[in-house]
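Using this note's numbering, the first residue of the first sequence is number 25, and each one after it goes up by one. Even for Gly, the Cβ is constructed at its ideal location relative to N, Cα and C.
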Amino acid sequence: EVTYSAVLDVYAKVGKVGEVMSLYERGRASGWTPDPIAFSVLCKVFGEAGDYDGIRFVLQEMRSLGVQPNLVVYNTLLEAMGKAGKPGLARSLFEEMIEAGVTPNEKTLTALVKVYGKARWSRDALELWERMRSSGWPMDFILYNTLLSMCADLGLEEEAEMLFEDMKQSEYCRPDSFSYTAMLNIYGSGGKVDRAMELVEEMSEVGVELNVMGCTCLIQCLGRSKRLDELARVFEASIERGIRPD
RNA sequence: CGACGUAGAGAGAA
């Protein structure tokens, strides 16, 4: 029982989708009842392959075997829905999870935000953010960064600023280079050069390193505004600091 | 004894 799930995971890590399925079928045929770990592994494999039919198979199997998904199974299911681009199904699965009395963790919420972001469902993502706060669900820097990055993709500047401020005030996390890159991206595509430059200043004050990605956003922002002199200075300074252009 | 989460830019082609 333990061994089946463990071996399934080994196949999964090597990316052998066919092997995973045939081992699963063989186990089933010999009377093995899969545990939640086995299902989470199946979800991971189908999710990575973007195989939506596979996901439906997993849901079907769990239902017919009467296996209740646990937190990790829900997390892997939600991630798989993201890769398959099924935000509506992800949303109803999430509601089902809450009804079942399973409390989401940071990974659950990150997965769901990512699904919404990919589908450009920013309204759902931001409502979820409100709900996390009022329900006292756990939030960490990765979750905030995922929200920020969605705002950057969709050009939601005001929302991003609220999230960013909230993140600074949180006792559980502080903005890191991912967070600043998302903000630089937002100001970059919105042409807010001065806000972007202020952020760079702030980064050195709080000791967050500007990396290649943040630097790229900044350079693009300066280029867009035709501030080529500053652009050149930023570029030179970045090289000095050890950033390798890619 | 085994399972899960975050970022930039990108010629040509579509």
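Residue i: first and last residue of the uninterrupted alpha helix (DSSP H) it sits in
i, result
"GLU225", "217-230"
"GLN244", "236-248"
"GLN193", "181-193"
"ASP148", "146-159"
"THR127", "Per DSSP, THR127 belongs to no alpha helix (DSSP H) and is neither H nor E."
"LYS37", "26-38"
"MET45", "41-53"
"ILE263", "252-264"
Any non-hydrogen atom of the ligand COA within 8 Å of residue i CB
i, result
"VAL31", "With respect to the ligand COA, the structure shown offers nothing to examine, as it has no ligands at all."
Nearest-angstrom beta carbon gap, residue j and residue i [assumed within contact, 8 Å]
i, j, result
"TYR204", "MET227", "6 Å"
"LEU102", "THR132", "6 Å"
"ALA217", "ARG257", "Before going on, a small fix: residue 217 reads as Val here, not Ala. Going by Cβ atoms, the distance from VAL217 to ARG257 rounds to 13 Å, so no, they are not a contact pair."
"THR170", "VAL137", "5 Å"
"VAL139", "GLY106", "4 Å"
"VAL31", "LEU66", "Not really, about 13 Å apart at Cβ, beyond 8 Å."
"PRO199", "VAL232", "7 Å"
"GLY160", "LEU208", "Not really, about 31 Å apart at Cβ, beyond 8 Å."
"ALA62", "SER29", "4 Å"
"MET174", "GLY141", "3 Å"
"VAL91", "PRO58", "7 Å"
Residues near residue i by beta carbon distance below 8 Å, same chain, minus five either side
i, result
"ILE243", "LEU255, VAL258, PHE259"
"SER249", "GLY215, VAL217"
"ILE263", "PRO269"
"THR127", "LEU95, TRP161"
7 Å CB neighbourhood of residue i in its chain, flanking five on each side removed
i, result
"SER213", "GLY179"
"ARG283", "Nothing can be reported for residue 283: it is not among the residues displayed for the chain, which extend from 25 to 270."
"TYR168", "LEU187, MET191, CYS197, SER203"
"PRO162", "ASN129, GLU130"
"GLU222", "none"
"THR134", "ILE166, LEU167, THR170"
Three-state secondary structure assigned by DSSP to residue i
i, result
"TYR168", "helix"
"CYS197", "coil"
"PRO321", "Nothing about residue 321 can be read from this structure; the chain reaches only from 25 to 270."
"ASP270", "coil"
"GLY214", "coil"
"GLY90", "coil"
"MET105", "helix"
"GLU119", "helix"
"ALA143", "coil"
"MET163", "coil"
Chain-order list of residues whose beta-carbon lies under 6 Å from that of residue i (same chain, five-residue window excluded)
i, result
"TYR211", "ARG219, ALA220"
"TYR76", "ALA108"
"PRO60", "ASN94, VAL97"
"GLY51", "TYR28"
"LYS68", "ALA36, THR100"
**Prompt:** For the segment 57-84, which segments carrying the beta strand (DSSP E) assignment without a break, of at least 3 residues, lie completely within its bounds, in sequence order?
**Reply:** none
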